[in-house]
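Down below is the structure, laid out as structure tokens.
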Amino acid sequence: MENGTVIVQSEDQVIQHEAENVRTPLLEFWRKFKKQRMAMIASSFILLLFVVALIGPFIAPYSAVEPDYNNILSPPSMEHLAGTDAFGRDIFSRIIEGTRISLFVGLSSVFVGAVVGTVLGLISGFYGGRLDSIIMRFCDVLFAFPGILLAIGIIAILGPGLGNVIIAVAIFGIPTFARIVRSSTLAIKATVYVESARSIGAPAKRIIWKHIFPGTISSIIVYFTMRIGTSILTAASLSFLGLGAQPPSPEWGAMLSSGRDFLNTAPHVTFFPGLAIFITVLAFNLLGDGLRDALDPKMKD
Amino acid sequence: MFKRKYLATFLTSLLAVMLVISGCSGQSSTETNQKKATDDKQDQPIAKKEGNSITIAIKDNLISMDPQDTNDTLSGSIQSTMLEGLVGFDKDMKMIPVLAESYEASEDAKVFIFKLREGVKFHDGTPFNAEAVKVNIDRVSNPDNKLKRYSMFELVEKTEAVDEYTVKVTLKEPFGAMLNNFAHPAARIVSPEAIKKYGKDIAMHPVGTGPFKFLEWDQSDHLTVEKNPEYWQEGLPKVDGIKFKPVPENGARVAMLQTGEADFIYPIPTEQAESINGKDGIVVENRPSIVARYMAINTTKKPFDNVKVRQAINYAINKEAFLKVVYRGYGSEMDSIIPEGLQFYSKQTPYPYDPEKAKELLKEAGYEKGFETTVWGGNNSDAIKAMEFIQQQLGLVGIKVNVIPMESGTLSDKIWSVQNEEDAEVELYYGGWSSSTGDADWGIRPLLAGGSIPPKSYNVAYYQNEKADQLINAALQTADPEKRKAAYAEVQEMIWEDAPWAFLVVEDTMAGMKNYLHGVYLLPDGSMSAREAEIK
Amino acid sequence: MFRYIVRRLLGIVPTLLIVSIFIFLFVHMIPGDPARLVAGPDASYQDVELVRQELGLDKPLVSQYFTYISNLAQADLGTSMKTKRPVFDEIAARFMPTFWLTVWSMAWAIVFGLLIGVISATKRNKWQDYTGMFSAVSGISLPSFWLGLMLIQLFSVQLGWFPTGGNESWTGYILPSITLGAGVAAVIARFTRSSLMDILREDYIRTGRAKGLKENVVVWKHALKNAMIPVVTMTGLQFGFLLGGSIVVETVFSWPGLGRLLIDSVSFRDYPVIQAEMLLFALEFILINLIVDILYGVMNPQIRYE
């Protein structure tokens, strides 16, 4: 009985959705998005982050690499807002200059992982059968692969550059994205409106991108925004293996880890880079929620 | 509207957290080298201790309890509570008789005779005698047994039990440093009955003559020993038992000492030494070690084939600041090619910090504009810090250094899988060395002799000096300390001038303990002795 | 469905066989010489060569593979190069500590994650939602070593309530499972919120409401069940990740688990141990994801596997 109702409703919805799209997709999106205060605040902050990433070295109060051996591990003060590190460098300046690398590596690696994972997940979920088995077992192996081994292998094959760290971190993200997208795909495929689109004879490509992909977006956004912090931290752990950014370039994750042995005697060394990562992840999560709501055609309020 | 309120609350609480954290953070120190953490040991009241057993927190998991198949200092240290050798080292790594009452070496360093202590029994009741010693030395010197310490005893031609308590060891060729090999942990004597009974499993059932008996070993976790009431030496052991627990995280080890879950921990991070010392009944003890920290310079590569460039590097690095930044002052500047604690050390004139002179030397060598190079090293936090420091210092004289930390397996592969000198990619290598025999030979030959270039041994500088090689060999042809001393003095001077390394520092050993605990200490090679542990 | 499960179960053996070849090649391909690493930092050349012979590393790769695979066929995982003990014993000793830590961490993470997620979704953009978001972002972006060491500082050193580490008593489980579960709870909370919100906007839920069903019934009975698919997916994956042992948490809390075994064996290139651990992880993920796939069908009978 319930199913019957759904069919009717869904078809209406599909039509309505497309009609809206034709009208003013961008304007409609903006109208919904700007209503969300937190998302607006978050996106201004992210904009600021990008600006800092671009002009960081020009606005930092101190040099990010110049050591000062007479001022090692000093706590925060008016002179050094976030204190100094083990070489006497100003942590605040290093955070500002580190924005570029951390943001770039964090975002691009998640992005690459999300794109590849999403495609794999859509294919796997939509076509099913043998293709599904192969892709999913491949993912299982990737899951089982210890990160440290993968990193050592990537250094050995591709070398230690910054681009390769993005590849490495992206690989860690691929199987998770694939499984999330696959799970949503399975659920959406099973709902009747896709069944009916299929029975009408719509081409697979069109069904995937028009009907299934939009339904997976909210899960993708959630994982994407959560993954940014993890990526920044992972990238830093890889730099300890000789992969990616090397000293003295400031990187949030590496700065954070450098204080691990003396957390209770010089907490500022870990605290401030950690705070930078936290606020960044928070902003992206708020933005993600806003995006999701704005992109959702069913959201009216 | 109310969202703004949340933002304000959020920012205020952040500020509060920041203030709290900055308020309780430690003050920075500007002290220079050779500092002591132990000065105020007696000022604080003695902490409370229940029971008469102690717990020692160590960094890594233990690997083996078979002394002849052990190559990590840590496993060796734990073995020392249960097993003993004919000779051993005291607190300062001076050789002392242990199971041998006396010993002598022939003039040509080929025959060694040990008079054994009488009336000693192994933990399983087997009597300790010349036959037991022979079984052990025969075992390790037989290549078929494939024991990790074979090479220390490969020169042994035969071992004879002259009588019940006299052992005579004859070498195939003279080896002046052999007595030190007998003092090495690898020469500790295991019960011959136990070797027969357990075979290869002896690594999990150590049976010796020491003040403590093996109790249990959970290989994924701790190892426990209990007191040996029949120990031959008067007054020992003084505690009922010792538990050794691997605690890999530096901060967690410190926390265990603070809570009293551990009575002794090592190593402790130098950054925390000062702040925990003298509180909660904790004492931090630092003593000079024989662990040399250096940066090998590949002498076959341009521009490092020019001695002026190598000397310039030595002048360009401020060793005092290095100590302060990397080891928080716990250590001393290296003033010879081997640390002061080794036998036959002779002090050299240090390369003072003089960037002007360094630039001048570079100019003379034709590198006025500097050059770019790469340093390799391990990826622990100290090594990365050290390499970053070197990068900063050499940058000031125009040498651009790329720092590449590597994971241990990759690093060893990059350096030691190279078969030919010409293929070596290494330019600069940050490393450390501890001569576990306490002798100059093992501090110099594997690192700087011509026959020791990779993959044979550890001469990463690819340093070749015939004259030095001759002296190193001559010093092994005799057991006469005076002759050996003269040869090593010359070697040290010669290599110091040649600067195949950037000579950096000798680090301190660092241990933390509760102030009721006595008799547990670290030796200069970084091993630990807990035989005389006592709670007062 | 039944046939599907049987087919998947039967597929495990050939999958693992292919995986074993892949793992073997990969492990042998990465740089690092076990003989040298096992022989130790000051071993002589001879010592290294003796170790190499003893470990059988002087033989050609193909013959090493056949030794490995034929041993595997007899359920023999080989001997650790580093400790010379059977790999099976090494792994067995560490599996249970990791397993129980995983169970406790997952248990609290699921409860809290779901709760926070549902509250956030039903109180969208209210203070409850933002608090939930704040805690979730904390959980995901606080590095475990930081959280772990802070908990030790507070609850072990200052208050003296729990031991700093080790699994000798049940109190030892509390701090590490909080540390380990924080990230999991965060992921579950965020996914629950997001997919529950999706479903609550679906038309059939609206229809349900319009038909006069009670809001609670709508949320808990109809919506949540359908919203669970992404959540179950993520929960399964997290379970798998934790079962592999967390290197950081096990290090911080001196936990004798699989994570520390892995890092030890990688740094010694202890091939047999690495291979066995990776096979175990692969098996764990295959089984977990099979269960997850079955759960999809249970939650949403419309999902079919052909």
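Residue numbers (numbering that gives the first Met the number 0), protein chains in the order written: chain H, 0 to 300; chain A, 0 to 535; chain C, 0 to 305. Cβ coordinates follow ideal geometry from the N, Cα and C atoms, glycine included. Note that this is a predicted model, so its numbers are computed, not measured.
- Contact annotation: residue 197 of chain H and residue 120 of chain H have beta-carbon atoms that are not nearer than 7 angstroms.
- Annotated three-state conformation of residue 321 of chain A is helix, per DSSP.
- Per DSSP, the unbroken alpha helix (DSSP H) holding residue 53 of chain H starts and ends at 36-58.
- Here residue 268 of chain C is not near residue 77 of chain C, since their CB atoms are 7 angstroms or more apart.
- Here the alpha carbons of residue 129 of chain C and residue 525 of chain A stand approximately 52 angstroms from one another.
- For residue 338 of chain A, same chain residues with a beta-carbon under 6 angstroms away, outside a window of 5 residues either side, are 289, 291, 505 in chain order.
- Between the alpha carbons of residue 318 of chain A and residue 96 of chain A lies a gap of roughly 38 angstroms.
- Neighbours of residue 35 of chain H in chain A, taken as residues whose beta carbon is under 7 angstroms from its own, are absent, since the nearest beta carbon is some 10 angstroms off.
- In summary, residue 262 of chain H is buried, with 16 or more beta-carbon neighbours lying within 10 Å of its beta-carbon over all protein chains present.
- Taking residue 259 of chain C as the centre and dropping the five residues before and after it, the same chain places the C-beta of 93, 244, 246, 249, 250 closer than 8 angstroms to its C-beta, in chain order.
- According to the DSSP secondary-structure assignment, residue 231 of chain A is paired through a beta bridge with no residue.
- Here the segment 101-115 of chain H makes contact with the segment 216-226 of chain H; the two share three or more CB pairs at distances below 8 angstroms.
- One alpha carbon belongs to residue 142 of chain A, the other to residue 67 of chain A, and they sit about 12 angstroms apart.
- Of the residues assessed, residue 35 of chain C falls on the buried side of the cut-off, its CB having 16 or more other CB atoms within 10 angstroms.
- For residue 432 of chain A, there is no enclosing alpha helix (DSSP H); the residue is found in the beta strand (DSSP E) stretching over 427-433.
- Nearest neighbour of residue 492 of chain A by Cα position, chosen from A:392, A:436, A:348, turns out to be A:348.
- Taking 4 residues as the shortest admissible run, the segment 36-94 of chain C contains the following complete alpha helix (DSSP H) segments, listed from N- to C-terminal end: 44-54, 60-72.
- With 16 or more other Cβ atoms inside 10 Å of its own Cβ, residue 92 of chain H counts as buried.
- Think of a sphere of 9 angstroms around the beta carbon of residue 202 of chain A: the chain C residues whose beta carbon falls inside it are 82, 83, 84, in chain order.
- Taken in chain order, the members of the segment 156-185 of chain C whose beta-carbon sits within less than 9 angstroms of a beta-carbon on chain A are 156, 159, 162, 163, 164, 165, 166, 167.
- With a cutoff of 7 angstroms on beta-carbon distance, residue 188 of chain C and residue 112 of chain C are scored as near each other.
- Among the residues facing chain C, residue 408 of chain A is included, as its CB has a counterpart in that chain under 7 angstroms away.
- Residue burial is scored here from C-beta neighbours: residue 46 of chain H has fewer than 16 other C-beta atoms within 10 angstroms and is therefore classed as exposed.
- For residue 477 of chain A, there is no enclosing alpha helix (DSSP H), since its DSSP letter is neither H nor E.
- Excluding five sequence positions before and after residue 85 of chain A, the CB atoms of its chain that fall closer than 6 angstroms to its own CB belong to 98, 99, 113, 181, given in chain order.
- For the segment 392-422 of chain A, the residues whose beta carbon sits under 8 angstroms from a beta carbon of chain H are, in order, 401, 402, 403, 404, 405, 406, 408, 409.
- Judged by beta-carbon spacing, residue 190 of chain A lies within the 7 angstroms limit of residue 121 of chain A, meaning their Cβ atoms are closer than that value.
- What residue 150 of chain A touches in chain C, judged by beta-carbon distance under 9 angstroms, is 42, 43, 44, 45, 46, 49, going in chain order.
- At least one CB atom of chain C sits nearer than 7 angstroms to the CB of residue 225 of chain H.
- For the segment 168-201 of chain H, the set of positions with a beta-carbon nearer than 9 angstroms to some beta-carbon of chain A is empty.
- Closest option to residue 161 of chain H, judged by alpha-carbon separation, among H:117, H:194, H:100: H:100.
- Within the segment 367-387 of chain A, 378, 380, 383, 384, 386, 387 place their CB atoms closer than 8 angstroms to a CB of chain H, listed in sequence order.
- Flagged as an interface residue toward chain H: residue 228 of chain C, by a C-beta distance shorter than 7 angstroms.
- At a beta-carbon threshold of 7 angstroms, none of the residues of chain C lie near residue 239 of chain H; the nearest stands roughly 12 angstroms away.
- Bridge pairing for residue 516 of chain A: A:534 [DSSP].
- Residues of the same chain with a CB within less than 6 angstroms of the CB of residue 268 of chain A, apart from the 5 flanking positions on each side, are 249 in chain order.
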